[in-house]
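Notes for the one structure printed next.
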Amino acid sequence: MGTITTAQFSKGMFLEFKGEPAQIVDLTFVNPGKGSAFVRTKLKSLKTGKVQEFTYKSGESATEVLINTREMQFLYKEGENYIFMDNQSYEQYPVSSMMLGGYVNYLKPNDIYQLLVHDEDIVGIRFPKKVHLKVTEADEGAKGNTVSGATKTVVVETGAVIAVPLFIKQGELIAIDPESGEYLERG
Amino acid sequence: MFTWHRLHDHPELWPRYFVREKVLTAIRRFFLDREFHEVETPYLTGSLPPESYLEIFETTLLNRKREGQRAFLPTSPEPFLKKLLVAGIGNCFSLPKSFRNTEDMSLTHNPEFTILEWYRVNADYTDIMDDCEELLSFINTYLQRTSEKEKSAKPTELVYQKKHISLASPWERLTMSDAFKQYSGINLPNALTREQIAPLAKKKGYSVGEGDTWEELFHQIFFNEIEPYLGKGKPTILYDYPATLAALSRKKKTDPRFAERFEFYIEGLELGDAYSELTDADEQLARFKGEEAERKRLGKTIHPIDMDFIEALRVGMPTAGGIAVGVDRLIMLFADVVDIADTLFFPAGDLFNK
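Going down the list, the protein sequences come from chains A and B.
Using this note's numbering, the first residue of the first sequence is number 17, and each one after it goes up by one.
Using this note's numbering, the first residue of the second sequence is number 813, and each one after it goes up by one.
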């Protein structure tokens, strides 16, 4: 639990805000003049999931919150919760959709994920930059339909709907950027 | 995926990018109707007015023998427009790209951006406030007339991120003192020194260090407690800034602790910065010297100073009100996007590493 300054702030980092642990989900810089500089942050409370904005003076210090990662296997969805299992202890943990954000669309049952843990509570997930999902539903793609561009929508194994090039067929594996939900490439 | 590629795959996105050409056309129509001359200002120059809080782009002008001299990209068209005001051009405007370095790309920043500056002679900042109200309504009406889906919308209404904004005149007008009183409970005229503002900031829970200046404490309160509330439902004109924050504008005759400067906000987004312009050459030179010293202290690029600008002020600039508007941000508003990159065919992120 070290003291850091705004110079070390980065998106995804965890720090103490108003005595509670929070995650920096966005970060921008403002320079109104006269040598003063500020760091505008969007902070997500680990307790409530609520996002609050706070503008720090450049150089101000904050207390970094120590986060550990723990490997867990995703089992299934139950209501608003996603059930993960620690493969060492076989204990199961419900994680709310609020903690997982948009990544819930790309969770594959039985895959292993890096979960972020603070004080025994699961506070987030470290998602890979690319996820590989199988296309479960795809039309042929209307031939000669060049006006709408070269894409069609398909459904992948997690139920998410993705815009892909016309040549992608049902049963194929595609790579997606989980941050934006965009198709990257085949395979 | 780069923007051109995304457009190829999603042609339904073209209308969003075409908002730019409509806004630029509307701006030009507005000013030509009012007989303002348009000035194309240089993108390469040998000297600049020093600004302590900006960093510049530099390149080299080579002659045939490859002998070089330093060349800079302007951070604003102001010095050029003011020299023409001195020359007698009258009301004028410019719509150039301006260039600011070391400002990381963000949702509201791109290193090169389109700036609109206009100046009204024999006028002050209150006349510019009226111009802003008329300009935004004009652009909105023009966009509605040229867009199929907007035809049924109310002429003074704009929808941004599901929020309804009325552009009808008059906009909310708030002095900085009003805003501080209303949103932070601070009596600003009694908080204009570090000694006065520091205990107030501390009481509010902000960290106050020995080296923290009045400007830093003032702005931290402003950004956290006031700015988020500006321009909700209708634009806000925030005017009469503490004089130290507006060294380039005339001080108020009725209260010289404050200066004739305003900014206008819509949905928390700062869109324009305006002054009753300073015309005194000596004061401007003193400001230049202060800014240069500050640049040295902050380790910024030291560049030749545009002394011709001071010379022009000595020849004599007419009384004028002037303003700089972030056109990309204006386009964000009319295109209903939250990322400046979504208004650009080639945002810096597509051309450089982020």
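Just so you know, even glycine gets a beta-carbon here, dropped at the ideal spot from N, CA and C.
Predicted model, so just to flag it, every value in this text is computed and none were measured.
Supposed close pair residue i, residue j - CB separation, criterion 8 Å
i	j	result
A:Thr85	A:Gln130	5 Å
B:Tyr931	B:Leu885	Not confirmed; about 22 Å, so no contact.
B:Glu1072	B:Asp936	6 Å
B:Leu1090	B:Pro1054	Their Cβ separation, rounded to whole angstroms, is 16 Å, which puts B:Leu1090 and B:Pro1054 out of contact at 8 Å.
Minimum C-alpha distance to residue i - residue among the options
i	options	result
A:Arg142	A:Leu116, A:Ser77 and A:Gly95	A:Leu116
A:Gly118	A:Glu107, A:Gly140 and A:Gln104	A:Gly140
A:Gly65	A:Ile40, A:Ile128 and A:Val147	A:Ile40
A:Leu149	A:Gln24, A:Gly187 and A:Asn47	A:Gly187
B:Pro923	B:Ser888, B:Gln956, B:Gly900 and B:Lys1108	B:Ser888
A:Lys146	A:Ala176, A:Pro194, A:Pro181 and A:Lys27	A:Pro194
A:Lys48	B:Ile1033, B:Ser1088, B:Leu1145 and B:Ile839	In the sequence under discussion, the amino acid at residue 48 of chain A is Pro, which differs from the Lys named in the question. When each option's Cα is compared against that of A:Pro48, the closest is B:Ile1033.
B:Tyr829	B:Leu1142, B:Thr853, B:Gly1084 and B:Pro982	B:Leu1142
B:Leu1057	B:Glu1082, B:Glu1079 and B:Tyr1087	B:Tyr1087
B:Val1149	B:Glu1079, B:Arg882 and B:Phe1164	B:Glu1079
B:Gln973	B:Asp1151, B:Ile1009, B:Phe1164 and B:Pro1159	B:Asp1151
B:Lys1046	B:Ala980, B:Lys1064 and B:Leu1083	B:Ala980
B:Gly1138	B:Asn1036, B:Ser906 and B:Ser949	B:Ser906
B:Gly1111	B:Gly900, B:Leu866 and B:Leu1145	B:Leu866
is_contact[residue i, chain A] using C-beta, thresh 9 Å
i	result
B:Gln881	no
B:Pro1040	yes
B:Gly1021	yes
B:Asn1165	no
B:Phe1035	yes
B:Asp845	no
B:Glu1007	no
B:His849	no
B:Ile887	For clarity, residue 887 of chain B is Thr in the given sequence; the question names Ile instead. Closer than 9 Å: no.
B:Glu1028	yes
DSSP three-state assignment for residue i, whether helix, strand or coil
i	result
B:His921	strand
B:Ala1010	helix
B:Tyr1041	helix
B:Val1150	coil
A:Met88	strand
A:Ala154	coil
B:Glu890	helix
B:Trp1026	helix
B:Thr1066	coil
B:Trp983	coil
A:Tyr122	helix
B:Ile901	coil
B:Tyr995	helix
A:Phe183	coil
Residue range of the beta strand (DSSP E) that includes residue i
i	result
B:Glu1072	Phe1070 to Ile1078
B:Ile977	Lys975 to Ser978
B:Ala1132	Ala1132 to Gly1138
Beta carbon proximity, residue i to chain B, threshold 9 Å
i	result
A:Tyr72	yes
A:Ser77	yes
A:Phe25	no
A:Val46	yes
A:Arg202	no
A:Phe54	yes
A:Ala206	Missing from the structure shown is residue 206 of chain A; chain A here goes from 17 to 203 and no further.
A:Thr167	yes
A:Glu36	no
Residue i: first and last residue of the uninterrupted alpha helix (DSSP H) it sits in
i	result
B:Glu867	Careful: B:Glu867 lies outside any alpha helix (DSSP H) and carries neither H nor E.
B:Thr953	Tyr937 to Arg957
A:Glu198	Here A:Glu198 belongs to no alpha helix (DSSP H); instead the beta strand (DSSP E) covers Glu198 to Arg202.
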